[in-house]
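**Q**
Number of protein chains: 2
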Amino acid sequence: MLAVERRLKVLERVAEDQAIEVSTLARDFQVSEMTIRRDLRRLERDGFVRRTYGGATTHLVRTFEVGALARTLHHAKEKRIIAKRAAELTVGVRAMFLGIGTTVENFARYLPVREDLMVITPSLAVASLLGTRNVRVIIAGGQVRQDELTCVGASAVEAVRRYNTDTAVIGAAGLSARRGITELDDRDADVIRGGLERTERILVIADGSKFGAVAMSTVIPIEQVSTIVTDISADAEEIERIEQAGIEVVIAGTDSSLLRPAENGRARLTDVRRPA
Amino acid sequence: MLAVERRLKVLERVAEDQAIEVSTLARDFQVSEMTIRRDLRRLERDGFVRRTYGGATTHLVRTFEVGALARTLHHAKEKRIIAKRAAELTVGVRAMFLGIGTTVENFARYLPVREDLMVITPSLAVASLLGTRNVRVIIAGGQVRQDELTCVGASAVEAVRRYNTDTAVIGAAGLSARRGITELDDRDADVIRGGLERTERILVIADGSKFGAVAMSTVIPIEQVSTIVTDISADAEEIERIEQAGIEVVIAGTDSSLLRPAENGRARLTDVRRPA
DNA sequence: ACTGGTGTTCGATTGTGTTCAAACTCTGCC
DNA sequence: GGCAGAGTTTGAACACAATCGAACACCAGT
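So the sequence lines, in the order shown, correspond to chains A and B.
Mapping of the first sequence onto the working numbering: residues 257 to 532, in sequence order.
Mapping of the second sequence onto the working numbering: residues 257 to 532, in sequence order.
(1) For D422/A, I'd like the list of residues in its chain whose CB is within less than 8 angstroms of its CB, leaving aside the five on either flank, ordered along the chain.
(2) Say whether chain A places a C-beta atom closer than 8 angstroms to the C-beta of T483/B.
(3) Between the C-alpha atoms of A343/B and Q274/B, what's the straight-line distance to the nearest angstrom?
(4) I think R307/B touches E300/B, with their Cβ atoms under 8 angstroms apart; what is that distance to the nearest whole Å?
(5) What does the Cβ neighbour count give for V425/A, buried or exposed, with the cut at 16 atoms within 10 Å?
(6) Determine, for I395/B, whether the minimum Cβ-Cβ distance to residues of chain A falls below 8 angstroms.
(7) Do the CB positions of V460/B and L440/B come within less than 8 angstroms of each other?
(8) For A282/A, which residues does DSSP report across the bridge?
(9) Among L258/A, G397/A, V287/A, G311/A, which has the Cα closest to the Cα of A271/A?
(10) Leaving out the 5 sequence neighbours to the left and right, which residues in its chain are closer than 7 angstroms to D511/A when beta-carbon positions are compared?
(11) Mapping DSSP to helix, strand and coil, what is R301/A?
(12) Apart from the five residues on each side of it in sequence, which residues of its chain come closer than 8 angstroms, Cβ to Cβ, to I503/A?
(13) So, are the CB atoms of S375/A and I395/B less than 8 angstroms apart?
(14) Could you check what DSSP says for Q500/A in three-state terms: helix, strand or coil?
(15) Would you mind stating whether S473/B and T438/B have Cβ atoms separated by less than 8 angstroms?
(16) Output yes or no for whether 8 angstroms exceeds the beta carbon distance between A245/A and T486/A.
(17) Can you find a C-beta in chain B that's less than 8 angstroms from the C-beta of E321/A?
(18) Around the C-beta of K265/B, are 16 or more other C-beta atoms found within 10 angstroms, so that it is buried, or is it exposed?
(19) What number of angstroms, rounded off, separates the C-alpha of P531/B from the C-alpha of G464/B?
(20) Taking the straight line between their C-alpha atoms, what separation do you get for T359/B and N420/A?
(21) Taking the straight line between their C-alpha atoms, what separation do you get for E361/A and L354/A?
(22) My output table needs one value for V266/A: the three-state DSSP class, helix, strand or coil.
(23) Would P368/B be called buried (16 or more neighbouring beta carbons within 10 Å of its own) or exposed?
(24) Measuring alpha carbon to alpha carbon, tell me which of V382/A, G451/A, T406/A ends up nearest E414/A.
(25) Near L386/A, what residues of its chain come up, given a Cβ to Cβ distance below 6 angstroms and the 5 sequence neighbours on each side ignored?
(26) Using only CA atoms, which one of Y366/B, T280/B, E453/B, V287/B lies nearest to L258/B?
(27) Are the C-beta of L258/B and some C-beta of chain A separated by less than 8 angstroms?
(28) Tell me, to the nearest whole angstrom, how far the beta carbon of I507/B is from that of V475/B; I am working on the premise that it is less than 8 angstroms.
(29) Tell me, to the nearest whole angstrom, how far the beta carbon of L267/B is from that of V305/B; I am working on the premise that it is less than 8 angstroms.
(30) Less than 8 angstroms between the C-beta atoms of A433/B and I498/B, yes or no?
(31) Counting only runs of 4+ residues fully inside the stretch 432-517 of chain B, write out the alpha helix (DSSP H) ranges in chain order.
(32) Can R263/A and R298/A be called in contact, C-beta distance under 8 angstroms?
(33) On the premise that K466/B lies in contact with A492/B, defined as a C-beta separation below 8 angstroms, what is that separation, rounded to the nearest angstrom?
(34) Between L345/A and D446/B, what straight-line distance do the alpha-carbon atoms span, to the nearest angstrom?
(35) So with CB distances below 7 angstroms, who are the chain A contacts of S465/B?
(36) Suppose the cutoff is 6 angstroms on Cβ atoms and the five residues either side in sequence are ignored; what does the same chain contact list for K335/A look like?
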């Protein structure tokens, strides 16, 4: 069995049983306990399970199909690098608007939890991820778009426009100097645009493949963007053009000296935290 | 059993019995009394229980939700039966309000998908479940409550009150003839009450353990309920009292034709004791 | 040669059971 | 009421067991 495959099945087991022992998993999968520990460590790092002494538990998978998670694990490394770099750029931010898409979901996953942080988002996935942690989350509300599970429609736009935020962190289907930030669905674009209305700083996170791409619905022109975080694979010429427009472009993973070692807030055995 | 798991179950026991002895717990969990003491000490430190000489007490009112761990798996079968039976009672409904909790989530899971169905809910889990299928979902919006991932607060209440629905399907932490439908969190109760404001029919789904239980926040008095769907384990006397208030009680898993016409059909049910 | 995954060893950490003196509750007695 | 004594419960201390993580060695595929 492939390692990736096993990890997914381990996650399935944890989700199924809610709580499971390392020893049981090791026996069932015919591998050493050390391997299971390593699997669980990864799954915890990616926010899927919570490790405990002797095993692991989970809480969030109830809302998500495990199949959908497989998608997130793909290219996890690159996504994590971008997410962590972006997280560094948002230290101290008190109120944040978070957009939609897997890139933003990853950002949410690696966002260091702070009690004084408030997040407004139209994404059910982002809300679920942060809601289970210690972050104050506000979800837009309104119609739920089928495939992406995002809030759209007039009431969603109204909702996100009500809040003043320090920073907005959004993804993008397309990102070009000429066409700006673009999305695939115009209803999503409307909501995101609404969320950007009352923010001080717009941070775009996107892997290199999005550079130069143009999707149908324009969210904002490139000039309104404050900073873009991407990876090394981004097209250099497009970066050049964007930087000439006065936008800061950060390539994650290049300046590793700035990357702080992950503060592994291992779940305390206290297990149950009282709702704040 | 995981240490974490045991601690949660200990808490469950304390909450259930209101007061319990260390010796009893030690016997039931097959560990030494010292271990139980250590567990209780932690739970006390986190504010869940209060230790007494020889045992522990709690002020929490029958918190079924404290240890959702093993329970979800344990009652999975009953919940599915209830969910399916309730789904039968909602054929043809066009607009539906769905409440919160694992029971309602199960209902959503087994709800036959119809294109002409529209659902409004404050639960992120329910919205996620139905949103990925072919149902038109509207989510309430507003603050996201941490542990249960439900929308609460003024804007959530406002949102759910805007919609007119044919049927509302809700769960309950407690369900009694005297105290009506009760929930553990008053903010949840507010939102659910709002969702029931403009509905034609209120359908309550709850497994037998909820009968006779009273949680802190009242959602609605029992008289406003149209129909209750439960399973065979529900306390017969409580069912009797509820039916006398004119509420229809449907026992899922039994042939309903046996129950309706004759009194003796229910008389037989009286013999069924609720599991300790 | 390099990367990523795996198993093993071993010291460190965490959880558990036992012992025993101190603290506590209860009861009978004044 | 107050008090002594029996019986119970408690917590600290220790010993032991289980689990963990770091480090190293090995292997397979590139």
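Virtual Cβ for every residue (Gly too), placed ideally from N, Cα, C.
Keep in mind the model is a prediction, meaning the values are calculated, not measured.
**A** Concretely, from the data shown:
(1) V349, R350, A351, M352, T455, E456, R457
(2) no
(3) 35 angstroms
(4) 5 angstroms
(5) buried
(6) yes
(7) no
(8) DSSP output for A282/A lists no bridge partner at all.
(9) G311/A
(10) Only weak support is given to the placement of D511/A: the predicted model assigns it a pLDDT of 49, under 50, and the value that follows is read from those uncertain coordinates. No residues qualify anywhere along the chain.
(11) helix
(12) I478, E479, V481, S482, T483, I484
(13) With the sequence shown as reference, residue 375/A is identified as Val, and Ser is not the correct amino acid for it. No, the Cβ-Cβ distance between V375/A and I395/B is not below 8 angstroms.
(14) helix
(15) yes
(16) Nothing about residue 245/A can be read from this structure; chain A reaches only from 257 to 532.
(17) Annotation note: pLDDT 49 at E321/A (below 50); position unreliable, coordinate value reported separately. At least one chain B Cβ lies under 8 angstroms of E321/A.
(18) buried
(19) The predicted model places P531/B with a pLDDT of 31, which falls under 50 and marks its position as unreliable; any figure quoted below should be read in that light. Cα-Cα distance, rounded: 9 angstroms.
(20) 37 angstroms
(21) 9 angstroms
(22) helix
(23) exposed
(24) G451/A
(25) A364, V375, V393
(26) V287/B
(27) yes
(28) Actually they do not touch by this definition, with Cβ atoms about 22 angstroms apart.
(29) 7 angstroms
(30) yes
(31) 442-451, 492-500, 512-515
(32) yes
(33) Contact flag wrong, Cβ pair sits at about 14 angstroms.
(34) 38 angstroms
(35) The contacting residues do not exist; S465/B stays about 18 angstroms from chain A at best.
(36) N362
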